[in-house]
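Under numbering that gives the first Met the number 0, residues 0 to 224 are what the sequence shown spells out, in order.
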Amino acid sequence: MKDLILLHGALGASKEFDALIPFLENDFKVYRFDFIGHGQNTDTTLFSMENFARQLKQFIEDRQLEKPQIFGYSMGGYVAYTLAIKSPDLIGDIMSLGTKLKWDPLTAKAETAKLNPNKITEKVPKFGQYLDSIHLSWHENMRKTVELMNNLGNGDALSFEDFGKIKNKCFIGIGDMDEMVSCSETIDISKALPNSIYYKLLNSRHPLPQIEMKKLAGKIKNYLK
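Put into structure tokens, the structure is as follows:
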């Protein structure tokens with residue numbers, strides 16, 4: 000039975016995989032954790048893909064996992080690709096879903112404009128309540144996520160050349176109704192990856208809680224088992 004690590008997205012937490020794990024635990028030994036400053040993680044380190052990748056590396060080494068398979072949702076996929084560039088032999092195959100892979104100043108500006116805790120509390124209180132249910136401090140998490148996105152847009156993002164260095168087998172996907180990530184950017188990066196398969200998850204939007212977990216589990220088992 001292969002080891003499988005589930006990596007959550009920005010503004011997310013490992014708790015969001017509660018509904019997914021029952022569909023996977025007969026086929027994998029499943030692991031998950033909260034990234035720095037997410038969920039129940041109290042670490043106040045700067046949000047960056049490099050720091051998240053170091054955290055993933057430490058998680059694998061501490062448990063002496065042998066090339067675990069990785070499923071990264073949204074930001075989680077970006078973290079896996081970041082680690083794969085420097086430590087390709089540490090992990091097995093990578094499967095990502097809904098990962099925003101192209102960043103520039105305009106993209107960062109557009110994405111961060113949506114991340115105002117006061118406006119969210121006022122205009123979409125249910126979303127604020129949801130974030131409050133999975134984070135120790137979702138306001139602080141969101142503030143740091145804004146910094147992360149701005150840094151990605153201003154030079155911290157991976158380049159096409161960086162993706163070309165990844166030797167791991169990659170399954171790079173997007174929900175067919177994803178409102179945050181485009182098919183074109185996903186396909187472009189899939190072409191840049193030396194060993195990749197592009198896929199679509201049908202009838203799926205971007206937010207993880209709105210994805211049908213049984214369907215997603217089927218894809219994960221098909222690609223990573």
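Note that CB positions come from ideal geometry on N, CA and C, so glycine has one too.
Quick check on this structure: which residue in the options has the alpha carbon closest to the alpha carbon of residue i?
| i | options | result |
| --- | --- | --- |
| Tyr72 | Glu49, Ser47, Thr44 and Arg31 | Arg31 |
| Leu105 | Gly154, Lys143 and Ala83 | Gly154 |
| Lys199 | Met212, His7, Leu192 and Asp177 | Asp177 |
| Ser13 | Ser47, Phe46, Asp26 and Gly75 | Gly75 |
| Ala109 | Gly152, Met141 and Ile90 | Gly152 |
| Leu54 | Ala9, Leu82 and Ala216 | As written in the sequence, residue 54 is Gln, which differs from the Leu given in the question. Comparing Cα-Cα distances from Gln54 to each of Ala9, Leu82 and Ala216, the minimum goes to Leu82. |
| Leu19 | Thr43, Leu3 and Leu10 | Leu3 |
| Ile84 | Asn167, Phe27, Gly174 and Ala216 | Asn167 |
| Leu6 | Lys118, Lys213 and Ser95 | Ser95 |
| Lys224 | Ser136, Gln68 and Glu184 | Gln68 |
| Ala112 | Asn149, Phe27 and Ser86 | Asn149 |
| Lys56 | Ser86, Phe70 and Phe27 | Ser86 |
| Gly174 | Glu160, Asp187, Ile59 and Gln209 | Gln209 |
In the DSSP assignment, find the alpha helix (DSSP H) that holds residue i and state where it starts and stops.
| i | result |
| --- | --- |
| Ser132 | Pro124 to Ile133 |
| Lys218 | Met212 to Leu223 |
| Lys108 | Pro104 to Thr111 |
| Asp33 | First-last for Asp33: undefined, no H or E at that position. |
| Ser189 | Cys182 to Ala191 |
| Ile165 | Looking at the DSSP string, Ile165 is not in any alpha helix (DSSP H), and its letter there is neither H nor E. |
| Asp61 | Met48 to Asp61 |
In whole angstroms, give me the CA-to-CA distance for residue i and residue j.
| i | j | result |
| --- | --- | --- |
| Ile35 | Asn202 | 31 Å |
| Glu139 | Val145 | 10 Å |
| Met0 | Leu207 | 26 Å |
| Tyr80 | Glu121 | 36 Å |
| Met48 | Glu211 | 27 Å |
| Gly91 | Trp102 | 26 Å |
| Phe16 | Gly163 | 30 Å |
| Ile196 | Ile165 | 13 Å |
| Arg204 | Gly97 | 9 Å |
| Gly127 | Ile219 | 30 Å |
| Asp131 | Trp137 | 6 Å |
| Leu114 | Met141 | 7 Å |
| Ala52 | Ala9 | 14 Å |
| Ser158 | Pro124 | 37 Å |
| Val78 | Ile93 | 10 Å |
| Pro21 | Leu89 | 26 Å |
Between which residues of its own chain and residue i is the CB-CB distance below 6 Å, once the five residues before and five after are set aside?
| i | result |
| --- | --- |
| Lys228 | Outside the shown range of the chain, which is 0 to 224, sits residue 228, and nothing can be said about it. |
| Leu192 | Phe162, Ile165 and Cys169 |
| Ser189 | Ile171, Ser195 and Tyr197 |
| Leu23 | Val29 and Ala216 |
| Phe70 | Leu5, Met94 and Ile219 |
| Tyr222 | Met94 and Phe170 |
| Thr44 | Ile35 and Asn50 |
| Pro116 | His138 and Met141 |
| Glu226 | Outside the modelled stretch of the chain, which goes from 0 to 224, sits residue 226, for which no answer is possible. |
Please work out which residues of its chain come closer than 7 Å, Cβ to Cβ, to residue i, disregarding the five sequence neighbours upstream and downstream, and give them in chain order.
| i | result |
| --- | --- |
| Phe46 | Ile35, Gly36, Lys143, Thr144, Glu146 and Leu147 |
| Asp33 | Ala12, Ser13, Gln39 and Asn40 |
Would you mind reading off the limits of the beta strand (DSSP E) that contains residue i?
| i | result |
| --- | --- |
| Met141 | Element bounds for Met141: not the beta strand (DSSP E) but the alpha helix (DSSP H), Trp137 to Asn150. |
| Lys199 | Ser195 to Leu200 |
| Phe243 | Because the chain is modelled from 0 through 224, residue 243 falls outside the range shown and cannot be assessed. |
| Gly154 | Per DSSP, Gly154 belongs to no beta strand (DSSP E) and is neither H nor E. |
| Lys1 | Lys1 to Leu6 |
| Gly71 | Gln68 to Tyr72 |
| Ile93 | Ile93 to Leu96 |
Should residue i be listed as close to the ligand FMN, given that the test is whether its C-beta is under 7 Å from any heavy atom?
| i | result |
| --- | --- |
| Ser95 | The ligand FMN is not among the ligands present in this structure, which contains no ligands whatsoever. |
Can you name, in chain order, every residue of its own chain whose Cβ lies under 8 Å from the Cβ of residue i, other than the five neighbours on each side?
| i | result |
| --- | --- |
| Lys213 | Phe22 |
Discussion item. Whether or not the region 59-75 and the region 38-45 are in contact is what I'm after, with contact meaning three or more pairs of Cβ atoms, one per stretch, closer than 8 Å; do they touch?
Written reply: Taking 8 Å as the limit for Cβ pairs, the verdict is that the region 59-75 does not touch the region 38-45.
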